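Chemist:
Right, dumping it as structure tokens:
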């Protein structure tokens, strides 16, 4: 029994999730970038600097993309989805670099 009426209880219809400016994404991404930088610095102190440096640069790049998105893309769903995608990219890159550091360090 499908209906086409608006259901305000659905997650995708929540005003806070569709009309935000994206500040929350930027704050969380900045905190994450700082924590990742500290982690990469600690990993660098136990071995070489090459991979941790790549990790720091590669995780900072999506954050810069998020800042550019906030300035360029108009407020709305597209901006929020772009910010979420860039944040997920930041975490995926950090995970990949961390795994690479562990594999290289154990070999």
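In the working numbering, the protein residues as written are 1 to 107.
C-beta: ideal position from N, C-alpha, C; glycine also.
Computed from a predicted structure; not experimentally measured.
Going by beta carbon distance, what residues of the same chain come within less than 6 Å of residue 52, once the five residues before and after it are set aside?
Modeler: 40, 43, 44
Chemist: For residue 22, collect the residues of the same chain with a Cβ closer than 7 Å to its Cβ; drop the 5 residues on either side in sequence, then sort them by chain order.
Modeler: 70, 79, 80, 83
Chemist: Which runs of the alpha helix (DSSP H) spanning at least 4 residues fall entirely within the stretch 23-61, listed in chain order?
Modeler: 23-46
Chemist: Can you tell me which of the three DSSP states residue 76 falls into?
Modeler: Of the three classes helix, strand and coil, the one that applies to residue 76 here is coil, per DSSP.
Chemist: Alpha carbon to alpha carbon, how far is residue 101 from residue 66?
Modeler: 26 Å
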